Amino acid sequence: MSTQADTHTDNAAYYIPEPSRWPIIAVFGMFMLFFGLVLSINKMSLAGSLIMVTGFAVLAHLMHGWFGAVIDENLSGKYNGQVDRSFRQGMFWFITSEAAFFVTFFGCLFYLRNITLPWLGGDGQLATSNILWEGFQYNWPLLNLPDADTTKYVPAKEAMGPWGLPLLNTIILLSSGVTLTWAHWGLKKGNNTQLVRGLIMTITLGTIFFFVQGYEYWHAHHAMDLTLNSGVYGSTFYMLTGFHGLHVTIGTIMLIVIAVRSARHHFTEHNHFAFEAVAWYWHFVDVVWIALFIFVYWL
Amino acid sequence: MSVATTHDHHHDHHGPPRGWQRWVYSTNHKDIGTMYLFFALFMLFFGGAMAMYIRAELFMPGVQLASPDFYNNMVTDHALVMVFGMVMPAAAGMANWMIPMMIGAPDMALPRLNNLSFWLLPAAAILLMLSIVAPYIFPDGGTPVNTGWTLLPPLSVQNGIGMDFTIFAIHTLGVSSILASINIVTTILNMRAPGMTMMKMPLFVWAWFFTALLLIAVMPVLAGAVTMLLFDRHFGTSFFDAAGGGDPILFQHLFWFFGHPEVYVLLLPSIGVLGLVIPTFARKPLFGYKALVYGMGVLAALGMVVWAHHQYTIGMSLVATNYFMIGTILISIPVGLMLMNFIFTMWRGSMTFETPMLFGIAIILMFSFAGVTGVMLAVVPADMQYHDTMFVVAHFHYALIPGAVFGLYAGVFYWLPKWTGHMYNERLGQIFFWWTTISFNLTFFPQHFSGLAGMPRRIVDYSIQYTEFNMISSIGGFLFGLSHLLFLFIIIQTIRGGAKAPAKPWEGSQIGTPGLEWTLPSPPPFHSFTEAPVIK
Amino acid sequence: MLPRRDKCLSALFITGGAWLFSSMAHAAYEYNLTPPASTLTQEIFDLHMLTTIVGTIIMALVTGMIIYALINFRHAKGAIPDQEFHNGWFGRWAWVLVPVIVLSIDLTIASSASSTLNSVESHDKADVTVKVIGSQWKWTYEYMDDDIKIVSNLKKLEPTDPLYLRDVDDPLVLPTGKRVRFLLTSSDVLHNWGIAEIVPKKINIPGYINETWTHITKEGTYRGQCYENCGTGHAFMPAVVRAVSPTEYEQWKVARKAQQAQAAAEASADKVWAKAELMAKGEEVYTKNCLACHQANGQGLPGVFPALAGSKIANNTAALADHIAIVVKGKAGTAMAAWGPQLNDLDIAAVVTYERNAWGNTAGELVQPKDIKAAR
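Chains as they are written, first to last, in my numbering: chain U, 3 to 301; chain Y, 7 to 542; chain V, 76 to 451.
As structure tokens, then:
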């Protein structure tokens, strides 16, 4: 029989939740979302959108309920150190899978720029491909497409440069990382005011980033003709920045939740997994942005 | 090694909840494991029915039963159902049941997440079934999904609404496996009983550890790839269209970057089962435990960097082709090491031949054969002849049916006594073994010949020179399908009754398999280890 | 040649009994890779035999070890397990020994494969260059040095015919004893032009060109198929090459060019065609190019390929221009290809006329080549 003080040995203290209705609700919401999405992109937009919105509502309810349950359990002291480690490791592996998701799109960008387009332009082993696309010259950003006929794809008029809004956004996002770390210091010191202030600053910066990015999209669409239809330059640009933007949005929502919880004194120096999970996520989003800035905007 | 504490006796302070809520709301690793296993069993018959249709259509030249598109839709969904609906859930079910018991944990690390990972599967299955019927029930449904499970554009861009359902079914399946994998890795890293060091874990746990890591790394890649496909289909992007500067081959790279590790995702859990079954029935410890663990690690790592051997014919540079060829051939090193270690485990042992052991031996033989044809296929110039012929089909069915499915059967027979508390009918089990093994070979061995003679994959109709091989193959296929009714019967029979199983149903249980599952009674209590066992 | 039933029985015997062995090493070609008919495929064939033989030896060893173990280490025989076996010298060194042995086998195979691969990829020099275009579901061959174009469609035969799904109306003709370079591409989805006797496969990718080559050593007709799933008609697009002597090839080229010139002259002539002529010509063009999708009776495949019989466009005089435009330029977002670049004015005029008058369609106009010229 174990007599060690380490909680690791005490299986009875490991909190096994009671049967829960939240997972099945999550499944239901996700199914509705996907089912509705398929209908709405296949000429059944009304029915599809309704189902999709219902799915969203179910998922919102779910997030509120499931996370609420976890918060209650946490506050009532049901979690020991081992449970906390499970959460941390779970979050770590989740972010790892997210990283793999972004690596996919970066991988595509590299493949297209370094292998596909040179070949189409007449370099390398598949040089002969250029007899199909006479006159195609490969440059990145891709402002002239292999297919000169513009019925299907319309090239962008100019490329998105890195030194205007993107640079501003880089500064904003990097400073948000700093303010978040400052909030973390506050938390570690037990200074709740610093924690809340740091979080509010981070949220503000995240929101500004969001709107700047929105303006940039608007500008790209209207002034530069850079759209999803602009060949692979537009495709990769929007795919990468779009999924990043989505993650910023989710991160900001998570930060808002954490800020509210901080204001209610939910976190202590020793028990603040939720804060750290969100902080990791936010830093991850930061790192992705730096890669984006370098490979999508700059190089 | 000895186990100081097994389990305490006040574990039943709350038993399982009653009624449907027990299953739908479950947070218990055994109940969720059971659901995974039953789901897999259902999908086995669902995917099997598709295979029966395929073999019936190919029985004779000429298109007899349904349209070519329906045929290719069945080919596509047979693969998706068997890979994502059958093998992976069955392996995940075993992981759920066994890993916490083997490492002395009270449950999985994140029980509610565990429930979510399971229940996403039925949702994905419904989406997949919708993808089959959608082209017929929705206006402008377009072509059914006729691409094969690789979903290669531009054909998949041409497909109708069914492809969208397939894409989202894959998204759902992907979320499910990523969440399950996160849970399993966390459980293995964080929930081991004191003294259960990593290098004491049963091989099955190690196998699932690498499997889960692979899934976390590559499942998002597939999700990304099908997302891009969705955008190409509906939102005007040109990732896979040369006119806009894209490349259909890009999708192949992404798909196989996922797809090749996926093969190891299917194989590794079964190799883990083998690592328990063979020592048990040879009554001596596993030969080269460390080598097997590292071998699996090397296999997983190599598996991540050789994907393009599925696409030698795409026209890569000479350097890339040579790299992928040599990398692929090198995979024979960890695989050969594993198979040899299993043979050496039998060597100078004292073997009896219960059903799991029979499957184990058959796996070693037939999987070696798949390895040999695998090396043949890895050789680029020769592969340019075999590419997309039935030879490939024969090869990967030899790899996946013995390598993955038979391993799961071995696991089922090995653990049925533990799960149900009853011994299965050994005689029926052995009949099932001989029936499946012989009919399996009858089905797929001739496909090597039709493939070498040039018969392509994924064709609804063939010229008469391939008739004999296909007839034999179809007859074998029907027998193979039929044998699974016996499998179902054995399982139901064992659940309903039979000789009472002791805590250690096998004489050799726990020789060299240091797991803690045998310290629990059969069937184990609802909550396994409410107090952690200590391993010295 | 054995009668079919005996062949069936013998195949059953071999497959049923012999899965332990790698039976592909059997001498009978029916069980082995297609016999090669070019220098390159011969080289590949030898490589295939090397890996097959190595594989067979490995399988024999593994099987032998397992059988030995099964006989000698049985509980029923009273075998006593050696609990320390894995701790002996062999247990300590097996993890080095096995990989070293496997690695040496691997390197043997890889080095041999690498040199063959170099031959496969040295496709630059060529006496004849042919562009092979896959489309749903036929092959088009363009001789790059001569102005010759061949469209190769499935020849419809009964499922009992020895050439069922193996024959085309117009095969590719190639000379023996010369280096032939193939530029593979596609007009719609992925295809794979594969004829195992003469050429290692590369896939046909839309928008890209893949290369492969051959040097045919024996005259004869070589038959292959499409080896990359291309949808509904994937099983129905055989690839056939007729390999002839260089002199016969030259003669064929001259005759073929004359024939093409005549057809072109006919099409560009300002002649006004009569309905019967157009209908006859149109049916021919339709059968060759349109039938695979829209079917012989013009009914299409519901939900996949639209019906032409009774369609609005083909029955409404006002929609004639639309009809011509769809045939010439294709229809975006569907499988309908642009036929303008592939067919001449006369062919398109004829097929449009045919579609508007056949199967009970009532639009009734005659379309002349000059109308098509105007619409291009």
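Using N, Cα and C, we set each Cβ at its ideal position, and we do this for glycine too.
Since we're looking at a predicted model, the values are computed, not measured.
Local conformation of residue i per DSSP, three classes
i, result
"residue 283(V)", "coil"
"residue 207(V)", "strand"
"residue 93(V)", "Low per-residue confidence applies at residue 93(V): pLDDT is 46, beneath 50, and the placement is therefore not dependable, though the value from the model is reported in the following sentence. Reduced to three states, the DSSP call for residue 93(V) is coil."
"residue 376(V)", "strand"
"residue 515(Y)", "coil"
"residue 267(V)", "strand"
"residue 88(Y)", "helix"
"residue 13(Y)", "Any answer about residue 13(Y) is weak, because its pLDDT of 41 lies below 50 and its placement is not dependable; what the coordinates show is given next. Note: residue 13(Y) maps to coil in three-state DSSP."
"residue 237(U)", "helix"
"residue 293(Y)", "coil"
"residue 114(Y)", "coil"
"residue 128(Y)", "helix"
"residue 178(U)", "helix"
"residue 23(U)", "coil"
"residue 431(V)", "helix"
"residue 87(V)", "Confidence at residue 87(V) is low in this model, with a pLDDT of 45, below 50, so the placement of that residue should be treated as unreliable; the coordinate-derived value is given next. Note: residue 87(V) maps to helix in three-state DSSP."
"residue 301(V)", "strand"
"residue 14(U)", "helix"
"residue 162(U)", "coil"
"residue 273(Y)", "helix"
"residue 250(U)", "helix"
"residue 252(Y)", "coil"
"residue 141(V)", "helix"
"residue 150(Y)", "coil"
"residue 99(V)", "Low confidence applies to residue 99(V): its pLDDT is 40, below 50, so where it sits in the model is not reliable, and the reading given next is rough at best. DSSP places residue 99(V) in helix when its eight states are reduced to three."
"residue 321(Y)", "coil"
Supposed close pair residue i, residue j - CB separation, criterion 8 Å
i, j, result
"residue 292(Y)", "residue 340(Y)", "That belief does not hold up - the Cβ atoms of residue 292(Y) and residue 340(Y) are roughly 16 Å apart, past 8 Å."
"residue 490(Y)", "residue 50(Y)", "7 Å"
Pair within 8 Å by beta-carbon distance, residue i and residue j
i, j, result
"residue 275(V)", "residue 390(Y)", "yes"
"residue 148(V)", "residue 353(Y)", "yes"
"residue 35(U)", "residue 54(U)", "yes"
"residue 236(U)", "residue 228(U)", "yes"
"residue 189(Y)", "residue 123(Y)", "yes"
"residue 288(V)", "residue 343(Y)", "no"
"residue 488(Y)", "residue 108(Y)", "no"
"residue 376(V)", "residue 310(V)", "no"
"residue 265(V)", "residue 414(Y)", "no"
Option nearest residue i by Cα separation, candidates the options
i, options, result
"residue 122(U)", "380(Y), 254(Y), 222(Y)", "254(Y)"
"residue 184(V)", "233(Y), 331(Y), 205(Y)", "331(Y)"
"residue 293(U)", "73(U), 108(U), 215(U), 229(U)", "108(U)"
"residue 249(V)", "353(V), 194(V), 357(V), 112(V)", "112(V)"
"residue 116(Y)", "291(U), 84(U), 169(U)", "84(U)"
"residue 280(Y)", "70(Y), 41(Y), 97(Y)", "97(Y)"
"residue 163(V)", "350(Y), 363(Y), 478(Y), 428(Y)", "350(Y)"
"residue 469(Y)", "230(V), 425(V), 382(V), 267(V)", "230(V)"
"residue 42(U)", "479(Y), 241(Y), 480(Y), 326(Y)", "241(Y)"
"residue 210(U)", "240(U), 64(U), 176(U), 103(U)", "176(U)"
"residue 164(U)", "158(U), 172(U), 25(U)", "172(U)"
"residue 82(Y)", "471(Y), 510(Y), 464(Y)", "464(Y)"
In DSSP terms, what residue i is bridged to
i, result
"residue 217(V)", "206(V), 224(V)"
"residue 416(Y)", "In the DSSP output, where bridge partners are listed per residue, residue 416(Y) has none listed."
"residue 257(V)", "205(V), 287(V)"
"residue 135(Y)", "Looking at the DSSP assignment, residue 135(Y) forms no beta bridge with any residue, so it has no partner."
"residue 319(V)", "250(V)"
Point to revise | Near-chain C residues of the region 153-168 of chain Y (beta-carbon distance less than 7 Å), N- to C-terminal order | key: Included in the structure are the protein chains U, Y and V, with no chain C among them.
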